[in-house]
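Numbering (this note's numbering), first residue to last: 278 to 831.
Don't be surprised by glycine CBs; every beta carbon is placed ideally from N, CA and C.
Take a look at the structure set out below.
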């Protein structure tokens, strides 16, 4: 009899099991790991940067167009003028061309790699930040000029529309020149900062034989990079001007929502003037802080060189007789530069102004939230504007008091002139220099976890208002019929369109900031987070180092 062939036993596919194990393992991962992986995925795909580039270019194109119509339209609103202009063939052609140019430049700048070899991409990536900053300054100048003339008309019952165009164009030109110059100055200052950092590393790495050569040390003394005195003076003027424009555009402008006869007008004037003064003061202090850090770095390099001189002289004294006067000169030089370094340390006043600046930033964020949600309303409620000011005062007081209470790190070793004359101890002197440098060395702190999420939230609420400040929105507005409504922008279809564009802009802007803050630096964070986390199921799926997978089934 023919033997019956035994049927092959069927087994479940390993692929579904592997997928189940992977999903089970990923579900057991901490939330911090999963969110970093998600951010990394968004960053690596790069689509969000392309979408952000297109939207940002559209916003910049609208901002440039809106500035000129704000300055030229004195008989009717700028929105109505733009609408009428877009009805003409020339207007719609120019608007489309401008939108495509701005969106194209922004797209290329956003998706280009940092070290690209393409000359056009390099030029675009270098040019676009200046272009974007210029448009941003034009918008701030327009708002500042408009607020100034509105407030002036409160106190003198007459129209100042006849000075809007010359005053607006003049302030716009000054703002653009100021911003372009300031960005270039920042690039030069960053170069000096990097040179100081590199020089300090070289000095620390000097050997004893190199320190014995006085010419080598003298070469380092002569090549300590410094910022140009002209740049330092002009930077303070630039910071003061920026603070003034921001004060009038954002802090004093809140008065335009309130009537002159309102009981809240006088308290609001007092609060807004305080905000304006603090805005200018904190901008100037911010510039002072940048220059202070450079001067501190220069003094630290000088002290490092003096420390190397002292080490070299100490080694030489063990071989041959050295005049004690040389030691005393070095001690006096170290004391002199250490006193200069202490004078450049952070004071309570510096910490207070820094806290005030943080308070103004949080106040601006609250305003972003309050006025960002007005995309869902036709007008800004007066109570909303008034409440934002008093919320700002409360935030400002909290951040300022908290900053003023921070303690400064004290020196471990205290030396004075008398001690040095009695105890010429090179080892003690070297320890003093190390302690001094450790205490006063400027540190670039990495962005904190909460600050990164703050930036994401800022981008989200900022995007709500940018939906209706996009060229694409106004191109759609051109098809609206103003005769059907008193204001075509308040028609139901345009309100719904502005809400939809605002939500889309918020998602794209916030996801882009999320990808930059968490995705671009997720490798190191993931390594640190997962170093102590390795679920058993994940080990089963990953297998051993030789590529063998260890599946176990019941």
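Less than 6 Å between C-beta atoms, sequence neighbours within five positions excluded: which residues of the same chain meet that for residue i?
i           : result
residue 745 : 775
residue 334 : 379, 380, 383
residue 668 : 643
residue 452 : 414, 418
residue 591 : 703
residue 737 : 783, 787
residue 338 : 375, 376, 379, 748
If you follow the alpha helix (DSSP H) that residue i is part of, which residue opens it and which one closes it?
i           : result
residue 501 : Here residue 501 belongs to no alpha helix (DSSP H), and DSSP marks it neither H nor E.
residue 673 : 659-681
residue 564 : 542-594
residue 530 : Looking at the DSSP string, residue 530 is not in any alpha helix (DSSP H), and its letter there is neither H nor E.
residue 474 : 441-481
residue 615 : 601-620
residue 486 : 485-489
What did DSSP end up calling residue i once you bin it into helix, strand or coil?
i           : result
residue 745 : coil
residue 333 : helix
residue 354 : coil
residue 718 : coil
residue 300 : Note that residue 300 scores a pLDDT of 46, beneath 50, so its modelled location is shaky; the value from the coordinates is reported in the next line. Correct three-state label for residue 300: helix.
residue 391 : coil
residue 637 : helix
residue 399 : helix
residue 539 : coil
residue 506 : helix
residue 361 : helix
residue 647 : helix
residue 781 : helix
residue 809 : Low confidence applies to residue 809: its pLDDT is 40, below 50, so where it sits in the model is not reliable enough to give any reading.
residue 724 : coil
residue 322 : helix
residue 433 : coil
residue 769 : helix
residue 522 : helix
residue 797 : coil
residue 264 : Here the chain has residues from 278 to 831 only, and residue 264 is not among them.
residue 307 : coil
residue 597 : coil
Pull up the distance between the alpha-carbon of residue i and that of residue j, whole angstroms please.
i           : j           : result
residue 579 : residue 641 : 41 Å
residue 487 : residue 476 : 15 Å
residue 711 : residue 582 : 12 Å
residue 513 : residue 797 : 34 Å
residue 781 : residue 789 : 12 Å
residue 643 : residue 363 : 35 Å
residue 456 : residue 518 : 10 Å
residue 614 : residue 447 : 46 Å
residue 705 : residue 612 : 13 Å
residue 473 : residue 499 : 13 Å
residue 534 : residue 662 : 7 Å
residue 639 : residue 679 : 14 Å
residue 300 : residue 734 : Below a pLDDT of 50, predicted positions are generally treated as unreliable, and residue 300, at 46, falls in that range; no measurement from the model is reported.
residue 742 : residue 709 : 55 Å
residue 483 : residue 319 : 45 Å
residue 336 : residue 495 : 53 Å
residue 375 : residue 332 : 13 Å
residue 441 : residue 504 : 38 Å
Looking only at its chain, what residues have a beta carbon closer than 7 Å to the beta carbon of residue i, apart from the 5 residues adjacent to it on each side?
i           : result
residue 509 : 568
residue 587 : 607, 703, 706, 707
residue 402 : 386, 389
residue 573 : 618, 621, 717, 719
residue 778 : 744, 745, 747, 750
residue 664 : none
residue 329 : 387, 785, 786, 789
residue 425 : 525
residue 645 : 735, 738, 739
residue 316 : 791, 792, 795, 796, 799
Since residue i contacts residue j with CB under 8 Å, what's their CB separation in whole angstroms?
i           : j           : result
residue 344 : residue 416 : 6 Å
residue 526 : residue 557 : Actually they do not touch by this definition, with Cβ atoms about 13 Å apart.
residue 372 : residue 342 : 7 Å
residue 460 : residue 406 : 7 Å
residue 575 : residue 501 : 6 Å
residue 633 : residue 673 : 6 Å
residue 549 : residue 577 : Actually they do not touch by this definition, with Cβ atoms about 42 Å apart.
Excluding the 5 residues preceding and the 5 following residue i in the sequence, name in chain order all residues of the same chain whose CB lies nearer than 8 Å to its CB.
i           : result
residue 492 : none
residue 813 : Note that residue 813 has pLDDT 34, beneath the 50 cutoff, so the model's placement of it is unreliable and the number below is only indicative. Hits under 8 Å: none found.
residue 282 : Confidence in residue 282 is poor, its pLDDT being 48 and thus under 50, which makes the residue's placement unreliable; the coordinate value appears in the next sentence. Nothing listed; no residue qualifies.
residue 681 : 625, 628, 629, 632
residue 541 : 535, 663
Shorter than 8 Å, the distance from the beta carbon of residue i to the closest heavy atom of the ligand FAD, or not?
i           : result
residue 506 : What this structure holds is no ligand at all, so the ligand FAD is not there to describe.
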